[in-house]
Every structure is written in C-alpha cells, then in structure tokens.
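Everything below concerns the one structure shown next.
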Amino acid sequence: MKDIIDLHTHTIASGHAYSTLSEMIRSAAEKGLSVYGCADHAPKMPGSTHKFYFINFKVIPRLQHGVRVLMGAELNILDPEGTVDLPESTLEKLDYTVASLHVPCFAPRTREEHTQAYVNVMKNPHVTIIGHPDDDRYPVDYRTFARAAKESGKLVEVNNTSLAPGGSRTGAAENYAVLLKYCKEYEVPIIIGSDAHHENDVGNHRCAWELLEREHFPEELIMNTSVEKLKPYIPVLAQLFPEECHD
Ligand SMILES: [Zn+2]
Ligand SMILES: [Zn+2]
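Last residue of the sequence shown: number 257 in the working numbering, and the count goes up by one each step with no gaps.
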C-alpha cells in the first residue's frame with residue numbers, strides 16, 4: 011500500500027531525540043515520502059524546547075529535496091479539561107498539532123478522566139491528531155473516544171513506536187484492536203505516525219500496517235496514502251503548496 015506521509019517525528023529539539031531537522035527531512039526524501047511533519051515535544055515535556063522554538067518556523071524552506079515540510083508540535087494534554095502546553099497565540103502559527111498524554115505531564119488517573127481529557131482536547135480547533143491513544147497506563151472508553159473524534163473531525167493516530175517491540179507503552183495492539191473497531195463503525199479517519207526519534211525511523215510504519223491489515227481496516231480511512239485525502243484536515247497544506255499535488 012502506498013504510504014507517503016509521516017507527521018509524527020521528533021528532532022534534537024525534543025531533548026531525547028537524536029537527529030537534526032535537516033537529517034530527518036533528507037531521510038524522508040530517501041524513503042520517498044511526499045509530506046514530512048515535524049512534531050517536537052511542546053515545552054512541558056522535560057528536556058524539550060522553549061515555546062519560542064515554535065514561533066519561528068517561517069524561516070524553514072517548505073519544499074526540501076522534493077518533500078513538503080510541515081512544522082507542528084506534539085502537545086501535552088495537562089488535565090481532564092484538555093488544557094495543552096502552548097498558548098493560543100503560538101498554536102495558530104503551527105501547521106498542525108498532535109495532542110498526547112505523557113506520564114511526566116499527566117499522571118495516570120481514572121478511565122473517566124482520561125476519556126474526558128481526550129474528548130475535551132478534541133474541542134480545541136488547533137488540534138489535528140490525537141497521538142498514541144493506545145497505552146495501558148491510560149485506559150479509555152474507546153466508543154466515546156471514537157464518537158468524539160468523528161464529531162470533532164480529528165485524526166486518530168496509530169503509532170508505530172507503540173506497536174514496535176521494546177516501546178515504552180504497553181498493550182497497544184490489544185487497545186488498537188478495540189479502538190479500530192469503533193473507528194470502523196463511526197468512519198473515523200486514522201493516520202499512522204512513526205514517532206521517530208532518530209532519522210532511521212522516519213516513515214517506519216511497518217508494525218502499524220501489519221496491525222491495520224490484521225484488523226481489516228479500510229484503506230479509505232487511512233490518511234497516509236494521499237496528500238489530497240489529508241488536505242481537509244490540514245488546511246495550510248493547500249496554502250503552502252498550491253500546485254496540483256502529484257502523490
Ligand atoms: Zn508522544
Ligand atoms: Zn512523539
């Protein structure tokens with residue numbers, strides 16, 4: 011299956027990732043990606059970068075080695091109200107965002123509170139993708155989650171790193187099996203993210219594809235296969251790259 015988009019990657023700016031933005035983009039080009047997205051951790055993640063990092067993306071060339079470059083952030087969801095760790099004035103400058111739960115920023119609570127946190131962050135118009143909702147430490151009512159994703163028009167991530175051996179999140183395959191059942195039922199679009207923390211892993215979606223095939227997940231709901239499919243979710247794509255997309 012064609013797979014030309016990776017929007018969940020980290021550079022050295024995240025503090026625990028090891029390649030530069032240039033190295034990541036070059037790797038994306040070598041792997042034949044059409045769209046590369048950088049989503050470094052927002053400031054509340056220990057060791058990550060200051061919010062000023064996220065306001066100067068205008069200096070970055072948006073077409074490099076034939077790859078469309080999108081600059082976003084992986085936001086930390088901070089509480090059940092869905093508060094995130096960049097201000098509105100910064101969020102509106104980003105091309106897209108991934109919003110995720112991370113233990114250093116949101117200590118696990120109850121299933122109701124995790125579900126509430128996701129549902130509330132989906133109400134934020136600056137949130138594009140819900141990152142790795144697959145972690146045993148954060149049980150979720152997946153039916154409520156999928157319905158809210160559909161209503162709010164958010165993309166649900168299938169995170170390759172969660173599914174790969176040795177990852178920090180456990181239970182992902184089992185949790186995705188439940189979540190994807192509801193995504194199918196409510197026709198919720200999903201996007202695979204590598205969550206690469208090194209250039210080698212850019213575009214590495216292998217475990218996610220294996221899972222999606224196993225679950226017979228319909229291709230029309232998988233956003234990695236076409237730039238045109240992604241455009242309604244990331245309006246800035248059409249502004250940054252107004253030419254007819256050849257993907
Ligand atoms: Zn994350
Ligand atoms: Zn990440």
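C-beta: ideal position from N, C-alpha, C; glycine also.
Problem set entry | DSSP state of V212 mapped onto helix, strand, coil | coil
Exercise. Can you tell me whether DSSP reads A109 as helix, strand or coil?
Worked result: strand
Exercise. Out of V168, A156, L165, R121, which has the shortest C-alpha to C-alpha gap to D146?
Worked result: R121
Exercise. For I15 versus S44, is the C-beta distance shorter than 8 Å?
Worked result: yes
Exercise. CA-CA distance, L165 and S178?
Worked result: 22 Å
For this session: Alpha carbon to alpha carbon, how far is K54 from S29? Give it in angstroms, no decimals.
Result: 21 Å
Problem set entry | Distance between A109 and P118 (C-alpha atoms, nearest Å) | 16 Å
Exercise. For the stretch 30-81, which segments carrying the alpha helix (DSSP H) assignment without a break, of at least 4 residues, lie completely within its bounds, in sequence order?
Worked result: 31-40
Exercise. Where does the unbroken beta strand (DSSP E) through V198 begin, and where does it stop?
Worked result: Neither: V198 is in no beta strand (DSSP E) and is coded neither H nor E.
Exercise. Touching or not, the stretch 82-99 and the stretch 121-130, by the rule of three or more beta carbon pairs under 8 Å?
Worked result: yes
For this session: Mind reading off the beta-carbon distance from G42 to L17? Whole number of angstroms is fine, and I expect it under 8 Å.
Result: With 8 Å as the limit, G42 and L17 do not qualify as a contact, their Cβ atoms being about 16 Å apart.
For this session: Answer yes or no: do H26 and A49 have a C-beta to C-beta separation smaller than 8 Å?
Result: no
For this session: Taking all protein chains shown into account, decide if A206 is buried (16 or more other Cβ within 10 angstroms of its Cβ) or exposed.
Result: buried
For this session: Just tell me which of L31, P114, G203 has its CA closest to the CA of T107.
Result: G203
Exercise. What's the gap between the Cα of P242 and the Cα of F62?
Worked result: 28 Å
Exercise. Where does V137 fall in DSSP's three states?
Worked result: coil
For this session: For D151, decide whether its Cβ has a neighbour in chain D, counting only Cβ atoms nearer than 8 Å.
Result: Going by chain labels, chain D is absent from the structure shown, which holds only one protein chain.
Exercise. Per DSSP, T19 is paired with what?
Worked result: A206
Exercise. Relative to the alpha-carbon of I232, which residue among H215, A248, L247 has its alpha-carbon at the smallest distance?
Worked result: H215
Problem set entry | Range covered by the alpha helix (DSSP H) that runs through V237 | 237-240
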